[in-house]
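Remarks on the structure that follows.
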Amino acid sequence: MTERMTDQPLADQATGRKLVIAAAADLPPGTRMEVRVGNNLIAVFNIAGTYYAIYGRCPHQFAPLSRGRLQGTVICNAQTNWETEWAHEGEVLVCPGHAMEFLVKTGQAIGYNLKLRTYPVYEEDGQVVLIA
Amino acid sequence: MPSEIDDLDIKATKVDAAFTPVQDQDLDQYGEALAQYTIVDTDVHVDDTLMRMVDYMEGHYQKRLQAALQADFRGEPGNSLRNMIAHVNWLGSSYDKPPRAKLATKTELLERMQLGIINYSILFPSELLPIAYLPDPKWAAALATAYNAFMVDEYGNLPGVKIALVVSPNLPDHAVEQIAKYGNHKDVVAVCVPDVGVNPPIGDRKYWPIFEAADHYHLPIALHGIEALVHDNYPLRVSHFPTLMQVHSMGFPFTGMLQVMSVVCEGVPVRFPKLKFCVVEAGLTWIPFIMYRLDTAYRQYRTELPALEQKPSDYIREWYWGTHELEALPKRGDLRKLIELYQGEDTTMWASDWPHLERDLIAGFMRYDMSEAMRRKILGENAVRFFNLEQRK
Numbered sequence: 009m010t011e012r013m014t015d016q017p018l019a020d021q022a023t024g025r026k027l028v029i030a031a032a033a034d035l036p037p038g039t040r041m042e043v044r045v046g047n048n049l050i051a052v053f054n055i056a057g058t059y060y061a062i063y064g065r066c067p068h069q070f071a072p073l074s075r076g077r078l079q080g081t082v083i084c085n086a087q088t089n090w091e092t093e094w095a096h097e098g099e100v101l102v103c104p105g106h107a108m109e110f111l112v113k114t115g116q117a118i119g120y121n122l123k124l125r126t127y128p129v130y131e132e133d134g135q136v137v138l139i140a
Numbered sequence: 003m004p005s006e007i008d009d010l011d012i013k014a015t016k017v018d019a020a021f022t023p024v025q026d027q028d029l030d031q032y033g034e035a036l037a038q039y040t041i042v043d044t045d046v047h048v049d050d051t052l053m054r055m056v057d058y059m060e061g062h063y064q065k066r067l068q069a070a071l072q073a074d075f076r077g078e079p080g081n082s083l084r085n086m087i088a089h090v091n092w093l094g095s096s097y098d099k100p101p102r103a104k105l106a107t108k109t110e111l112l113e114r115m116q117l118g119i120i121n122y123s124i125l126f127p128s129e130l131l132p133i134a135y136l137p138d139p140k141w142a143a144a145l146a147t148a149y150n151a152f153m154v155d156e157y158g159n160l161p162g163v164k165i166a167l168v169v170s171p172n173l174p175d176h177a178v179e180q181i182a183k184y185g186n187h188k189d190v191v192a193v194c195v196p197d198v199g200v201n202p203p204i205g206d207r208k209y210w211p212i213f214e215a216a217d218h219y220h221l222p223i224a225l226h227g228i229e230a231l232v233h234d235n236y237p238l239r240v241s242h243f244p245t246l247m248q249v250h251s252m253g254f255p256f257t258g259m260l261q262v263m264s265v266v267c268e269g270v271p272v273r274f275p276k277l278k279f280c281v282v283e284a285g286l287t288w289i290p291f292i293m294y295r296l297d298t299a300y301r302q303y304r305t306e307l308p309a310l311e312q313k314p315s316d317y318i319r320e321w322y323w324g325t326h327e328l329e330a331l332p333k334r335g336d337l338r339k340l341i342e343l344y345q346g347e348d349t350t351m352w353a354s355d356w357p358h359l360e361r362d363l364i365a366g367f368m369r370y371d372m373s374e375a376m377r378r379k380i381l382g383e384n385a386v387r388f389f390n391l392e393q394r395k
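Structure follows, in structure tokens:
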């Protein structure tokens with residue numbers, strides 16, 4: 009483990025195990041689950057019928073990301089001609105601790121050079137399967 | 003209904019989005035490690051909104067506050083003092099993303115204490131923190147009177163719960179009366195001077211009766227800042243900042259530096275050598291700056307401060323400091339290095355600011371490397387000494 013603390017939460021104990029975490033019917037669009045694998049937390053979301061899984065603790069002070077709200081946020085860059093615009097509606101995971109923001113699809117922290125791990129998650133035979 | 007699947011060490015739980023900040027998730031993560039320490043949370047806030055104060059207001063102030071509370075103020079909470087007097091240019095700017103700020107009820111405070119991990123909570127004002135820059139000091143005094151009566155009434159005689167009186171510095175005589183009224187109460191452990199906007203700064207002789215009274219009752223002075231939607235006074239003004247992020251970042255530490263400098267340079271520690279001071283909610287990284295910056299100037303300008311018998315840092319080293327809002331230092335060893343730099347192993351006190359939005363989760367402190375002895379002191383032993391508490395573990 010490196011000394012830089014921002015790296016610490018990214019080091020997880022992924023084993024590549026295929027985990028059945030729920031019946032698909034129990035995780036309909038708009039719902040989420042917190043999956044604890046050993047000491048590791050993973051947040052799983054069903055957004056409009058597609059599943060997303062992301063490392064479950066905020067790298068700031070370890071608050072559980074599974075409880076974070078999903079919303080949009082403001083961006084301002086060359087593509088917006090340096091004007092502030094609302095973007096990523098429904099795809100920004102806001103930490104319920106101190107409101108750090110992550111793109112739930114990629115794990116990218118908005119405004120930080122930091123990316124959380126994401127995990128494969130899909131439906132198979134009526135079950136939600138997480139590879140972690 | 004939560005559905006759970008247990009597969010040895012795997013557990014999947016259905017959860018809901020949190021609309022208020024998650025609280026104490028770290029306690030379940032660190033509970034076992036923390037159980038061995040006496041832990042004092044040096045900065046805790048309960049609901050002291052004006053609705054709570056109104057029954058404790060006296061005379062015409064009660065009638066006038068009742069009328070004021072019927073008005074519809076934008077913002078959160080609706081009956082907030084800071085919103086009543088705020089310049090609204092920031093409202094909505096930093097409050098547009100969840101989680102939202104939160105005030106703890108008595109039940110929530112007791113539930114947190116009943117987890118058995120935190121042994122003491124020191125309660126500080128929240129909505130009452132702007133009283134030092136209310137234009138009418140009599141209003142400030144009326145609110146302080148109500149706050150102290152409310153707190154002793156509602157939060158006295160609860161296990162592990164201790165109270166910091168609040169005084170309005172702009173009416174020192176009134177502050178002295180309040181200290182005399184509650185100074186011997188077993189659950190009153192400090193005198194809180196809200197320090198933002200105090201003009202002249204708090205070391206001025208005008209305020210010395212407050213220090214004398216606190217000294218008499220062996221109560222330490224705690225300076226508590228505020229995020230401050232309003233900085234119409236020292237050391238920063240509204241016009242300096244287009245965003246609340248900037249006023250938040252500068253307001254607390256600059257106020258802390260100003261007041262520490264003022265107290266030391268006015269000779270307060272020479273006149274009241276046994277009186278203890280602390281600064282809470284201003285972070286830590288600025289402490290070495292002000293200590294050694296003043297030492298440097300002292301060599302040249304000492305004749306301006308003839309009462310001092312030691313260099314400024316020798317006095318400032320005796321101050322205590324609440325850790326919140328713990329700055330995000332990049333490396334695990336950095337907090338220890340910082341504390342060594344200001345020689346604060348025996349004067350740094352863990353503080354969460356629970357349950358406010360910007361509160362520190364204890365995991366944010368535990369992740370830093372330091373000796374076991376230093377961790378034990380910061381989590382509780384230093385605060386036990388500062389607030390005159392009994393060891394609980």
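Read top to bottom, the protein sequences are chains A and B.
Following the working numbering, the numbering of the first sequence begins with 9 at its first residue and continues without gaps.
Following the working numbering, the numbering of the second sequence begins with 3 at its first residue and continues without gaps.
Glycine included, each C-beta is placed from N, C-alpha and C at the ideal position.
Name the chain B residues that come within less than 9 Å of PRO104(A), Cβ to Cβ? Within chain B, the C-beta atoms nearer than 9 Å to that of PRO104(A) come from ALA19, ALA20, PHE21, THR22, PRO23, VAL24, GLN27, PRO100 and PRO101, in chain order.
Quick one: what's PHE388(B) bridged to in DSSP? None; PHE388(B) has no bridge partner.
Taking just the CA atoms, how far does PHE70(A) sit from PRO23(B)? So the two alpha carbons sit approximately 13 Å from each other.
For LYS188(B), name the three-state secondary structure that DSSP assigns. DSSP places LYS188(B) in coil when its eight states are reduced to three.
Compute the beta-carbon to beta-carbon distance between LEU105(B) and THR51(B), rounded to the nearest angstrom, for a pair I have assumed lies under 8 Å. With a Cβ gap of about 7 Å, LEU105(B) and THR51(B) count as contacting.
Could you pull out every unbroken beta strand (DSSP E) segment of at least 3 residues lying fully inside the stretch 10 to 82 of chain A, listed in chain order? The qualifying runs are 26 to 31, 40 to 45, 48 to 55 and 58 to 63.
How would you call TRP90(A), buried or exposed, if buried means at least 16 neighbouring beta carbons within 10 angstroms? Counting Cβ neighbours within 10 Å, TRP90(A) comes out exposed, since fewer than 16 surround it.
Through-space distance from PHE152(B) to LEU67(B), alpha-carbon basis: Answer to the nearest angstrom: the Cα atoms are 15 Å apart.
When the Cβ atoms of the stretch 266 to 275 of chain B are set against those of the stretch 26 to 34 of chain B, are three or more pairs found closer than 8 Å? Cβ pair count under 8 Å is below three, so no.
DSSP state of LEU167(B), grouped into three classes? Note: LEU167(B) maps to strand in three-state DSSP.
Quick one: grab the DSSP three-state call for LEU138(A). Strand, per DSSP.
From which residue to which residue does the alpha helix (DSSP H) around CYS280(B) run? Careful: CYS280(B) lies outside any alpha helix (DSSP H), inside the beta strand (DSSP E) at 279 to 282.
Residues near ILE380(B) in its chain [Cβ-Cβ closer than 6 Å; skip 5 each side]: In the same chain as ILE380(B), and ignoring 5 residues on each side of it, the C-beta atoms closer than 6 Å to its own belong to THR350 and TRP352, in chain order.
Taking only three categories from DSSP, how would you classify THR109(B)? Reduced to three states, the DSSP call for THR109(B) is helix.
Measure how close the beta-carbons of TYR60(A) and VAL112(A) come, nearest whole angstrom, since I'm counting them as under 8 Å. Here TYR60(A) really is in contact with VAL112(A); their C-beta atoms are around 5 Å apart, less than 8 Å.
Residues near ASN384(B) in its chain [Cβ-Cβ closer than 7 Å; skip 5 each side]: Taken in chain order, the residues that qualify are TYR322, ASP348, THR349, THR350 and MET351.
Note down, in chain order, each residue of its chain lying with its Cβ closer than 8 Å to the Cβ of ILE119(B), except the 5 sequence neighbours on either side. Hits under 8 Å: LEU29, GLY33, LEU36, ALA37 and ILE41.
Can you name, in chain order, every residue of its own chain whose Cβ lies under 6 Å from the Cβ of PHE274(B), other than the five neighbours on each side? The residues are PHE213 and ASP217.
Give the residues of chain B in contact with PRO72(A), contact being defined as C-beta atoms less than 7 Å apart. Those are VAL24 and GLN27, listed as they occur along chain B.
Should the stretch 293 to 308 of chain B be regarded as contacting the stretch 322 to 335 of chain B, the criterion being three or more beta carbon pairs within less than 8 Å? The stretch 293 to 308 of chain B vs the stretch 322 to 335 of chain B: no contact.
Flag THR39(A) as yes if its beta-carbon sits less than 8 Å from any beta-carbon of chain B, otherwise no. By the rule that beta-carbons nearer than 8 Å mark a contact, THR39(A) touches chain B.
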